[in-house]
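2 protein chains.
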Amino acid sequence: MRPPLPQLVPDSCRGVGTARGAGRSRGRPAARGDGVTPGGERRAFHDFVAGHQRFLLTTHVNPDGDGLGSEVAVALWLRGLRKSAHALNDSLVPEAYLFLTRDVTAEAFEASLAERRFAECDAVIVLDTSNRQRVGRLAPLLDRFPLPIAVVDHHVSHVHGFGQVNVIEPDASSTGEIVYDLIRESGATLTPAMAEALYVALMTDTGSFRYSNTDSHAHRMAAELLSHGLDPQRIHAQVHSHASAGRLRFFGEVLSRLELMDGGRMAVMEAAPEQFQRHGLTGADTEGLVDMPRNIAGVDVVALFSEVEPGKVKVSLRSTGRISIDQVCAALGGGGHPHAAGVLLRGTRADARARILPELSRRIESPAIG
Amino acid sequence: MRPPLPQLVPDSCRGVGTARGAGRSRGRPAARGDGVTPGGERRAFHDFVAGHQRFLLTTHVNPDGDGLGSEVAVALWLRGLRKSAHALNDSLVPEAYLFLTRDVTAEAFEASLAERRFAECDAVIVLDTSNRQRVGRLAPLLDRFPLPIAVVDHHVSHVHGFGQVNVIEPDASSTGEIVYDLIRESGATLTPAMAEALYVALMTDTGSFRYSNTDSHAHRMAAELLSHGLDPQRIHAQVHSHASAGRLRFFGEVLSRLELMDGGRMAVMEAAPEQFQRHGLTGADTEGLVDMPRNIAGVDVVALFSEVEPGKVKVSLRSTGRISIDQVCAALGGGGHPHAAGVLLRGTRADARARILPELSRRIESPAIG
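Line order of the protein sequences matches chains A and B. Residue 134 in full-length UniProt numbering sits at position 134 of the first sequence, with consecutive numbering throughout. Residue 311 in full-length UniProt numbering sits at position 311 of the second sequence, with consecutive numbering throughout.
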């Protein structure tokens with residue numbers, strides 16, 4: 001059983017709500033790849049790399065640009081050290097990121113393949129999640145095979161990690177930023193392919209350098225990555241140009257019926273099962289839709305009720321910052337972050353609205369409600 | 001009479017189509033603000049600043065983030081040198097940029113005010129355009145008052161400028177990037193307010209570091225600007241959170257009827273006069289709409305026919321890169337750039353489609369057509 005959260009809250013939302021630089025002076029090693037000696041966990045990571053030869057890399061279910069970009073960069077780095085590195089994930093590589101996997105194939109879980117990959121390797125590196133369950137169908141294999149594990153992640157949850165080594169730095173914009181530091185600390189030379197993978201990790205997790213997790217270090221990293229001859233426009237097009245006309249028409253239909261409530265502070269949208277069917281879409285195709293009304297002046301919270309199939313409503317919530325909405329979802333069995341959360345509910349859209357909207361209204365009136 | 005182009009093609013589109021780094025080694029001074037001696041025109045600009053005391057700053061009609069951000073940064077820099085600096089533009093500051101003008105008021109053209117400002121100053125600095133007509137109603141005053149003029153711009157057109165000094169560097173991502181170099185060359189200290197204004201200039205003209213004009217220098221500049229305590233998420237919200245629910249519903253209606261033609265290579269949208277009226281919108285409110293179908297896989301060109309009022313059709317075209325569309329508009333009296341162009345046509349939407357779509361189809365079939 002996979003947890004319901006991954007499909008509801010894109011992993012790239014994680015960390016968005018972190019106050020800029022909050023705790024960076026405490027939480028991150030002094031080094032930050034700027035030539036200073038790496039901190040303790042980073043040193044342990046370098047020892048981990050030095051001490052093993054055949055690596056299995058993985059990332060969370062429904063992998064995003066940060067997970068895949070980090071995986072590709074680490075694989076290329078390890079291969080440059082004349083070690084072997086295979087990437088194996090629970091899920092297929094989304095079409096948007098296939099261009100990254102020219103040289104490093106990121107395989108999708110298949111029982112016998114996974115057995116073989118686990119048997120072949122002598123160490124595992126888990127990237128972009130420090131939650132053991134988030135590696136999906138690989139989790140039971142981590143239990144069965146007594147392999148040493150290193151975790152590299154920037155997410156706030158599970159700060160202790162489940163590896164022998166845990167480089168978990170919540171102040172980093174992205175796992176790619178930590179990987180970049182680690183590669184530089186190691187003295188290895190970045191290749192254009194590594195730079196491209198790390199750029200994808202960085203730019204997707206910072207919302208193209210827009211989110212509060214973007215700081216000077218992230219921009220200096222981008223400056224160095226671009227110096228390897230990357231064309232940001234081409235990379236952005238590769239990542240983002242996978243929409244279909246049907247998806248855009250569906251977005252249009254939903255947006256055209258946008259409701260404003262609570263004096264303009266809450267924007268509400270609904271999608272009906274017949275709309276998903278007519279345009280040939282799934283729940284995953286709503287990605288990005290709930291973010292669009294965030295730009296409406298005065299809006300504090302956005303709610304999207306997607307009845308993907310009759311009686312099954314995917315609720316996606318966004319906050320523009322004044323109020324936290326994760327606990328609304330957590331109370332119903334979902335999860336997320338203060339600014340982006342979701343939950344899957346049984347019943348009609350009307351049922352889901354009745355459970356969610358009053359809770360949001362209460363928070364809009366009293367932002368202090370947890 | 002104002003030229004029709006400004007309302008049709010946002011100035012921020014300019015330069016988007018420039019190949020990354022093309023000619024940079026030739027076109028830009030070696031310095032780029034990195035401590036080397038500035039090139040000839042930059043030196044002349046510093047002499048220009050040193051030689052005058054009371055400056056009038058202006059930028060193009062319908063000012064954007066780059067024009068206004070550059071204006072505010074230069075005004076604060078000059079005031080730090082104990083000189084006077086007034087900003088006067090043809091147009092009002094758009095709501096999105098009002099937050100920049102806390103300390104530096106950017107006044108809008110009014111005949112007697114303009115007379116006074118021109119009489120008071122002893123030099124003019126024109127930012128973000130090297131086309132004399134693009135300063136709108138200030139142009140006749142530039143003729144009447146025999147004032148020394150300095151031009152700072154990054155646009156490709158009018159490379160020779162009309163000033164005594166012309167710092168025109170088409171390889172720069174933005175005028176703000178040139179202003180940043182000039183300020184650093186001068187040895188002046190950046191203040192947080194100057195950093196914020198320059199960040200807005202940079203991030204708006206690079207499409208948040210997405211366009212091909214973004215290079216390592218732009219990211220290094222962003223790294224330094226953010227070190228002054230800027231919060232990118234807050235600034236992006238200030239610039240972008242001015243949508244109305246009506247505008248988003250209007251976008252939705254138009255998108256929901258998106259047409260694909262020419263085997264999926266051309267996306268076409270229409271907006272009717274009654275839609276503008278019903279949502280209380282003007283032609284300017286379509287900004288951003290024509291860009292949305294660019295993400296559809298396989299689309300080469302997007303056309304939006306906005307019948308803002310009956311018999312008046314604003315045509316907005318975008319190319320995703322394979323074909324150039326500016327000459328389609330130029331042939332009908334409009335203008336623009338290879339990737340973003342527009343023209344205002346009299347007649348019905350059907351008339352406008354009949355004139356534009358066959359031309360686009362011809363180019364899709366034979367990209368070489370100029």
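Note that CB positions come from ideal geometry on N, CA and C, so glycine has one too.
Check the Cβ of residue i against every Cβ in chain B and list those closer than 8 Å, keeping chain order.
i: alanine 44(A); result: Neighbours of alanine 44(A) on chain B: none; closest Cβ ~29 Å, over 8 Å.
i: phenylalanine 276(A); result: Simply none; closest approach about 15 Å.
i: alanine 267(A); result: Ala245
Spatial neighbours of residue i within its chain, please: C-beta separation below 6 Å, excluding the five flanking residues on both sides.
i: methionine 194(B); result: Ala73 and Leu76
i: glutamate 224(B); result: none
i: serine 70(B); result: Leu127, Asp128, Thr175, Gly176, Val179 and Ala201
i: histidine 240(B); result: none
i: glycine 336(B); result: Val9, Asp326, Cys329 and Gly342
i: lysine 314(B); result: Gly283, Ser306, Val308 and Leu344
i: glutamate 95(A); result: His242
For the beta strand (DSSP E) that contains residue i, what are its first and last residues?
i: histidine 154(B); result: No beta strand (DSSP E) holds histidine 154(B); DSSP gives it neither H nor E.
i: glycine 336(B); result: 335-337
i: glutamate 365(B); result: Run containing glutamate 365(B): none in the beta strand (DSSP E); it sits in the alpha helix (DSSP H), 349-365.
i: residue 399(A); result: The first residue shown for chain A is 1 and the last is 370, placing residue 399(A) beyond what the model contains.
i: glycine 264(B); result: Glycine 264(B) -> no beta strand (DSSP E), and no H or E assigned at all.
i: arginine 318(B); result: 312-319
i: leucine 226(A); result: Unbroken run through leucine 226(A) is the alpha helix (DSSP H), 216-226; no beta strand (DSSP E).
i: alanine 341(B); result: 340-346
i: valine 308(A); result: 301-309
i: alanine 87(A); result: 84-89
Using a cut-off of 9 Å between C-beta atoms, extract the partners of residue i located in chain A.
i: valine 301(B); result: Those within 9 Å of valine 301(B) in chain A number zero; the least Cβ separation is about 14 Å.
i: proline 293(B); result: Ala243, Ala245 and Leu248
Suppose contacts are defined by Cβ-Cβ distances below 8 Å. Is residue i in contact with residue j by that definition?
i: arginine 54(A); j: leucine 88(A); result: no
i: alanine 352(A); j: phenylalanine 276(A); result: no
i: isoleucine 296(B); j: isoleucine 323(B); result: no
i: leucine 258(B); j: leucine 258(A); result: no
i: alanine 108(B); j: serine 84(B); result: no
i: leucine 281(B); j: alanine 303(B); result: no
i: valine 93(A); j: proline 63(A); result: yes
i: phenylalanine 48(A); j: valine 151(A); result: no
i: alanine 252(A); j: leucine 255(B); result: According to the sequence as given, residue 252(A) is glycine; it is not alanine. For glycine 252(A) and leucine 255(B), yes; Cβs fall inside 8 Å.
i: arginine 82(A); j: leucine 182(A); result: no
i: residue 373(A); j: phenylalanine 209(B); result: Since the first residue of chain A shown is 1 and the last is 370, residue 373(A) is not available in this structure.
i: cysteine 121(B); j: leucine 190(B); result: no
i: alanine 230(B); j: glutamate 196(B); result: According to the sequence as given, residue 230(B) is leucine; it is not alanine. Their beta carbons are under 8 Å apart, which means leucine 230(B) touches glutamate 196(B) by this criterion.
Leaving out the 5 sequence neighbours to the left and right, which residues in its chain are closer than 8 Å to residue i when beta-carbon positions are compared?
i: alanine 114(A); result: Leu88, Arg137, Leu138 and Leu141
i: proline 273(B); result: Glu307, Val308, Glu309 and Pro310
i: leucine 357(A); result: Met261, Met266, Val268 and Ala303
i: serine 12(A); result: Annotation note: pLDDT 37 at serine 12(A) (below 50); position unreliable, no value reported.
i: glycine 27(A); result: Caution is warranted here: a pLDDT of 38 is assigned to glycine 27(A), below 50, making its placement in the model unreliable, and no coordinate value can be reported.
i: alanine 119(B); result: Phe145
i: histidine 219(A); result: Phe209
Can you name the start and end residues of the alpha helix (DSSP H) that residue i belongs to?
i: methionine 261(B); result: No alpha helix (DSSP H) holds methionine 261(B); the beta strand (DSSP E) holding it covers 259-261.
i: glycine 252(B); result: 245-256
i: alanine 195(B); result: 192-205
i: leucine 147(A); result: That residue, leucine 147(A), is in no alpha helix (DSSP H); it is neither H nor E in DSSP.
Name the chain A residues that come within less than 7 Å of residue i, Cβ to Cβ?
i: aspartate 143(B); result: Here the premise fails: no neighbours, minimum Cβ distance about 39 Å.
i: serine 227(B); result: Ser216
i: serine 208(B); result: Ser208, Phe209 and Arg210
i: histidine 236(B); result: Arg210
Using the beta-carbon of each residue, which ones in chain A are nearer than 8 Å to residue i?
i: glycine 252(B); result: Phe251, Gly252, Glu253, Val254, Leu255, Ser256, Arg257 and Leu258
Whose Cβ in chain B lies nearer than 7 Å to the Cβ of residue i?
i: isoleucine 296(A); result: Ala243, Ser244, Ala245 and Leu248
i: alanine 223(A); result: Ser216, His219, Arg220 and Ala223
i: histidine 240(A); result: Asn295
For residue i, which residues in the same chain have their Cβ closer than 7 Å to its Cβ, ignoring the five residues on either side in sequence?
i: leucine 198(B); result: Gly69, Ala73, Gly176, Val179, Tyr180 and Leu225
i: arginine 294(B); result: Val302, Arg318 and Thr320
i: serine 186(B); result: His46
Just to make sure I have the definition right: I need the residues of chain B whose C-beta is within less than 9 Å of the C-beta of residue i. Which are they?
i: histidine 154(A); result: Within 9 Å Cβ-Cβ: nothing; histidine 154(A) doesn't reach chain B, min ~17 Å.
If we require 3 or more residues per run, which beta strand (DSSP E) segments fall completely within the stretch 96-122 of chain B?
Correct list: 106-108.
Contained alpha helix (DSSP H) runs [length at least 4] in the stretch 268-295 of chain B, N- to C-terminal order:
Listed in chain order, they are 273-278.
Segments of 4+ residues assigned as alpha helix (DSSP H) that fall wholly inside the stretch 33-79 of chain A:
Unbroken alpha helix (DSSP H) runs of no fewer than 4 residues, entirely contained in the stretch 33-79 of chain A, are found at 40-51, following chain order.
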